[in-house]
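Residues in the sequence shown are numbered consecutively from 6, following the numbering used here.
What follows is a single structure, written as C-alpha cells, with notes after it.
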Amino acid sequence: MRTVILCGGLGTRISEETRVKPKPMVEIGGRPILWHIMKIYEQYGQNDFILALGYKGEIIKDYFLNYHARLSDLTVQLKSGEVRYSNPTAEDWCVSLVDTGPDTMTGGRLLRLKSHLQTGGAFMLTYGDGVSDVDVAALLAFHRSHGKLATVTAVRPPVRFGELTVEDDRVVSFQEKPQAGEGWINGGFFVFEPEVFDFIEDDSTMLERAPLEQLAKKGELMVYHHPGYWQCMDTLRDKLMLDELWQSDQAPWKG
Numbered sequence: 006m007r008t009v010i011l012c013g014g015l016g017t018r019i020s021e022e023t024r025v026k027p028k029p030m031v032e033i034g035g036r037p038i039l040w041h042i043m044k045i046y047e048q049y050g051q052n053d054f055i056l057a058l059g060y061k062g063e064i065i066k067d068y069f070l071n072y073h074a075r076l077s078d079l080t081v082q083l084k085s086g087e088v089r090y091s092n093p094t095a096e097d098w099c100v101s102l103v104d105t106g107p108d109t110m111t112g113g114r115l116l117r118l119k120s121h122l123q124t125g126g127a128f129m130l131t132y133g134d135g136v137s138d139v140d141v142a143a144l145l146a147f148h149r150s151h152g153k154l155a156t157v158t159a160v161r162p163p164v165r166f167g168e169l170t171v172e173d174d175r176v177v178s179f180q181e182k183p184q185a186g187e188g189w190i191n192g193g194f195f196v197f198e199p200e201v202f203d204f205i206e207d208d209s210t211m212l213e214r215a216p217l218e219q220l221a222k223k224g225e226l227m228v229y230h231h232p233g234y235w236q237c238m239d240t241l242r243d244k245l246m247l248d249e250l251w252q253s254d255q256a257p258w259k260g
C-alpha cells in the first residue's frame with residue numbers, strides 16, 4: 006500500500022526554520038520530521054511513499070538523492086568517478102518525489118497524484134509535520150472493516166484544528182479550525198479509496214474543506230479514534246518540545 010505525505014506547504018508559523026528549508030525538513034533529534042513520520046509507517050511494514058512536494062521541494066529531493074551515500078562508507082576512484090558503498094544503513098524504502106506546485110492546496114496536491122494512486126486500491130495520507138504513536142495496522146483494519154471511502158484519525162491535542170462531530174464512529178460534520186467547540190479533531194493519518202478523487206476539483210481545493218465535508222455528508226467518512234499521543238510541529242516551541250522528547254529517549258512515536 007502506498008502512503009502519501011503532504012510536503013508542500015510554506016510553514017509560515019515556524020518561519021525561523023522554514024526561511025531556508027521546507028517544514029518537513031525541520032529536524033527533530035538531528036533528523037527531519039519527515040523521516041520520523043516515515044519511520045512511524047515503517048513500524049507497520051509500510052515502505053512505499055509518495056511525497057507531494059511544493060515549497061523548496063528541491064531540498065527534499067536532494068536529501069533523498071544523497072541519502073544512501075550519507076549513511077554509507079564510501080570509496081571514490083577519483084579518475085573514473087566510480088563510487089563503492091559499504092556498510093549501508095539506509096532503510097528499505099521506495100520514495101517517489103512528485104512536484105505538485107508551489108501554491109497548490111492540500112486537495113489539489115492529492116489530485117495531482119491521481120495517476121500514481123487511482124489503480125492501486127486504498128492508500129494512506131498524512132501531513133508532513135505531525136507525529137503520533139497511532140497503530141497504523143489497527144487503522145487499516147478499521148478502514149477495511151467499514152467499507153466506506155475514507156477514514157480520518159481523530160485525536161485530542163492541546164489545541165484545536167479541524168473539529169469532527171461523530172456518531173457511532175461515523176463523521177457527520179467536519180469543520181477545519183473552528184472558532185469554538187471541543188472534542189476530537191483531525192489528526193491526519195487518513196486512509197482513502199481511489200474514489201475520493203471524484204470529490205476534488207482542482208489545485209485550489211483544500212482537502213479539509215469541500216472534499217471531507219462532502220464525504221461526511223454522504224456518510225462516507227469514518228473516524229478512527231486515537232486517544233494516544235499526537236503532536237503537530239506548528240511552531241518553534243513545538244519543535245523544541247519534540248526535540249527534547251527525542252533527545253531524552255522519551256518520544257512516544259519512536260518504534
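In this text, a Cβ means the ideal position worked out from N, Cα and C, and glycines have one as well.
Keep in mind that this is a model prediction, so the values were computed, not measured.
Check                                                                                                                                                               : Outcome
Quick one: residues in its chain with C-beta nearer than 8 Å to the C-beta of Met110, no 5 flanking neighbours on either side, listed in chain order?               : Asp208, Ser209, Thr210, Met211, Leu212
Does DSSP classify Ser120 as helix, strand or coil?                                                                                                                 : helix
From Ile65 to Gln180, what does the alpha carbon distance come to, in whole angstroms?                                                                              : 31 Å
Measure the alpha-carbon distance for Leu130 versus Val88 and round it to whole angstroms.                                                                          : 36 Å
Please list, in chain order, all residues of the same chain as Ala185 whose beta carbon is under 7 Å from its beta carbon, the five residues on each side excluded. : Caution is warranted here: a pLDDT of 43 is assigned to Ala185, below 50, making its placement in the model unreliable, and the coordinate value is therefore given only provisionally. Nothing listed; no residue qualifies.
Between the Cα of Asp243 and those of Gly14, Glu22, Thr94, Ile10, spot the shortest distance and give me the residue it belongs to.                                 : Glu22
Which of helix, strand or coil does DSSP assign to Tyr132?                                                                                                          : strand
Candidates Tyr132, Gly126, Trp40, Arg161: which alpha carbon is nearest Gly152's?                                                                                   : Gly126
Could I get the ranges of all uninterrupted beta strand (DSSP E) runs contained in the segment 12 to 97, with 3 residues as the minimum, in chain order?            : 53 to 58, 78 to 82, 87 to 91
If I follow the unbroken beta strand (DSSP E) through Gln255, where does it start and stop?                                                                         : Looking at the DSSP string, Gln255 is not in any beta strand (DSSP E), and its letter there is neither H nor E.
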